[in-house]
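Trainee: For any residue, its number in my numbering is found by taking its place in the sequence shown, counting from 1, and adding 486. For every residue, glycine included, the Cβ atom is placed at its ideal position computed from N, Cα and C.
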Amino acid sequence: MANRFHRFGNGAGLDEESTSEINISPLIDIVFILLIFFIVTTVFVEETGIEVEKPRAASQNELEKNSILIGITPEGSVFYGGREIGVGGVRAVVGRLLKQESKQMPVIIQADQRTPTETTVEVLDEAKLAGAVKVFVSTLGK
Numbered sequence: 487m488a489n490r491f492h493r494f495g496n497g498a499g500l501d502e503e504s505t506s507e508i509n510i511s512p513l514i515d516i517v518f519i520l521l522i523f524f525i526v527t528t529v530f531v532e533e534t535g536i537e538v539e540k541p542r543a544a545s546q547n548e549l550e551k552n553s554i555l556i557g558i559t560p561e562g563s564v565f566y567g568g569r570e571i572g573v574g575g576v577r578a579v580v581g582r583l584l585k586q587e588s589k590q591m592p593v594i595i596q597a598d599q600r601t602p603t604e605t606t607v608e609v610l611d612e613a614k615l616a617g618a619v620k621v622f623v624s625t626l627g628k
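This is the structure in structure tokens:
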């Protein structure tokens, strides 16, 4: 009866230090899977390629993720994708993008607060003549 207590496992060469180690391989796998998930699902914001000071407005909506961004400098230069297209190039660029993507894709005009109103209206008209259904002017909240 001296052997009432039995040892579990074979006990061959195991000491307390080696049994307390944690295998982190599954944790590393999960971290990499999460990293890949966030990289794939991240939406990259498209910019106009110019710096503008937007006017302030009391009402505003969030920008749609898939939209055509057109920038207008204080001097009245019109940009798309970082290159100058001029007012005359708006219709061609917007028309081409609407045919490639979707007729419902919104056009967002990012005009500087010092941009002449006439230029902003001309760009807005050109976008509508190209077939854009939704045309917005980007502003800052109050």
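1) State the DSSP-derived secondary structure class of G562, mapped to helix, strand or coil.
2) What does DSSP give as the partner residue(s) for Q590 in the beta ladder?
3) Around the C-beta of Q596, are 16 or more other C-beta atoms found within 10 angstroms, so that it is buried, or is it exposed?
4) Smallest Cα separation from T603: which of T527, T559 and P592?
5) Output the boundary residues of the alpha helix (DSSP H) element that contains V526.
Mentor: Inspection of the coordinates gives the following:
1) Your numbering for residue 562 matches position 76 in the sequence shown. For G562, the three-state secondary structure derived from DSSP is coil.
2) The count along the sequence shown starts at 1 and reaches residue 590 at position 104. Residue pairing of Q590 in beta bridges, as defined by DSSP: absent, with no partner found.
3) Within the sequence shown, the letter at position 110 stands for residue 596. Taking a 10 Å sphere around the C-beta of Q596, we find 16 or more other C-beta atoms and assign the residue as buried.
4) Translated into the one-based positions of the sequence shown, residue 603 becomes position 117. Taking the Cα of T603 as reference, the smallest distance to any Cα among T527, T559 and P592 is reached at T559.
5) Along the sequence shown, one-based indexing puts residue 526 at 40. Taken as a continuous stretch (DSSP letters only), the alpha helix (DSSP H) holding V526 covers S511 to T527.
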